[in-house]
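Residues in the sequence shown are numbered consecutively from 2, following the working numbering.
The beta carbon of each residue, even a glycine, is placed where N, CA and C say it ideally should be.
Okay, so here's the structure we're looking at.
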Amino acid sequence: MPTQSQSPYLPFGENKTAPWYGKDILSVKQFTRDDLGYVFGVAHEMRGMVERVGTFDLLKGKILANLFYEPSTRTSSSFTAAMERLGGSVIPISEVKYSSVSKGESLPDTIRTLECYADVIVLRHPETGSAAIAAKAAKKPVINAGDGVGEHPTQALLDTFTIFEELGEGQIDGMTVTMLGDLKYGRTVHSLARLLSLYNVKINYVSPEILRMPQEVMDEVAAKGIPQAEYSTLAEVLPQTDVLYVTRVQKERFENPEDYEMVKGAYVIDPEIMKAAKQEMIVMHPLPRVGEISPEFDDDPRAAYFRQMEYGLYVRMALLAMVLGKA
Ligand code: ASP
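Spelled out as structure tokens, the structure:
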């Protein structure tokens, strides 16, 4: 790996003319295929730096406000780790009940407050479109860490980076990606399907009837000329699948608890089922899992979901460095 000073991606000074300097990251729709090559180039360098030196001072003196109105383990802690590995610091607000939000403060006012203290704001919120509202109120960059059933762009970026690192960037064109589970409420698959439509992939959707991929997302993907097909059983498509992307049924989004009970155990990946899959493929999951993948499958080399979390650290380091003019 190049040292920090030799790196084509990581300059020492803040570069205000850098393409992503000061930008919000709200949706995967902002990214072109070239942009992704750039993000993944930076993320790859971050990986090398973490492996070699652990922590370094690229964002020394910078502060991130990590504002979470919904539960999170990976997204919240990986943004914290990303900022700290880059030498910056974090204002963590995950218990909004202890902040002025519980007094009825509006999202724009909370955002205007935090940007007085921080250089960048990461926001998770239960309402679709909330990240865009926050970005409108803020002068500092806002990164969408999940807005209801809308989007989860940083997850889709790390998912695509995982596919590249695991199966080879050059292999993406021609791949078959199968998304399984709750495709209606799962924001990660909404973002991932849109992002993968920048490549020549084939996308299969396997879900119960009531949890099908929204038509709006399918129309956007179709407009890019990407072949898509819907199924209710996995067996039909598993043997051709290169990437199996499993999702949790999003209990918290259901209006009717009986509907959740009806579909919650619809698909379970286990070693027996995976006998029908290729040897050279990967199984991904944004996590948390609540029964969709049996722990007995965890030791299979195709189980990429724990490695996927680690790739998330590097992608989030890259994004923070980019919007703060250091990449
Ligand atoms: N962690 C992911 C999200 O926040 C997936 C999930 O919760 O099922 O969307």
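Check, Outcome
"Could you tell me the distance, in whole angstroms, from the CA atom of Gly42 to the CA atom of Tyr10?", "8 Å"
"For Thr189, is the beta carbon positioned less than 7 Å from some heavy atom of the ligand ZN?", "In the structure shown, the ligand ZN is absent; the only ligands present are the ligand ASP."
"Under DSSP, the beta strand (DSSP E) around Glu231 begins and ends at which residues?", "Gln229 to Tyr232"
"Any heavy atom of the ligand ASP closer than 7 Å to the Cβ of Arg254?", "no"
"Looking only at C-alpha atoms, which of Glu170, Thr114, Gln241 and Tyr315 sits nearest to Ile204?", "Gln241"
"Quick one: Cα of Tyr118 to Cα of Asp25, how far?", "17 Å"
"Would you check whether the ligand ASP has a heavy atom nearer than 7 Å to the C-beta of Pro258?", "no"
"Whose CA, out of Met176, Lys327 and Ala139, lies closest to the CA of Val238?", "Met176"
"Cα-Cα, which of Glu210, Lys265 and Lys63 is closest to Leu325?", "Lys63"
"Spell out the partners DSSP gives Leu68 in its beta bridges.", "Ile94 and Leu124"
"Between Leu314 and the ligand ASP, is there a pair consisting of the residue's CB and a ligand heavy atom that are separated by less than 7 Å?", "no"
"Which stretch, first to last residue, makes up the beta strand (DSSP E) that contains Leu181?", "Thr177 to Leu181"
"Please tell me whether, using a cut-off of 7 Å, the distance from the CB of Leu239 to the nearest non-hydrogen atom of the ligand ASP is below it.", "no"
"Which same chain residues end up closer than 6 Å to Ala66 when comparing Cβ atoms and leaving out the 5 residues on each side of it in sequence?", "Ile92, Leu115, Ala119 and Ile122"
"As an exercise, report each continuous alpha helix (DSSP H) stretch of at least 4 residues that is fully enclosed by the segment 12 to 54, in chain order.", "34 to 54"
"List the whole-angstrom C-beta distance separating Ala322 from Leu87, where the pair is believed to meet the contact cut-off of C-beta under 8 Å.", "7 Å"
"Return yes when at least one heavy atom of the ligand ASP lies under 7 Å from the C-beta of Thr248, else no.", "yes"
"Restricting to runs no shorter than 4 residues, where is the alpha helix (DSSP H) found entirely within the segment 188 to 232?", "188 to 197 and 216 to 224"
"Given the structure, does Arg195 come close to the ligand ASP, in the sense that its CB is under 7 Å from one of the ligand's heavy atoms?", "no"
"Return the chain-ordered list of same chain residues with a C-beta closer than 6 Å to the C-beta of Met22, the five sequence neighbours on each side being excluded.", "Reading the sequence as shown, one finds Tyr at residue 22 and not Met. Answer for Tyr22: Gly326, listed in chain order."
"Could you give the distance in angstroms between the alpha-carbon of Phe298 and the alpha-carbon of Arg113?", "46 Å"
"Going straight from the alpha carbon of Ile294 to that of Val51, what length do you get?", "30 Å"
"Where do the N-terminal and C-terminal ends of the alpha helix (DSSP H) with Met318 fall, by residue?", "Tyr306 to Val324"
"Following a CB-centred definition, is Leu325 positioned closer than 7 Å to any heavy atom of the ligand ASP?", "no"
"Mind checking who Asn145 pairs with in its DSSP beta bridge?", "Leu124"
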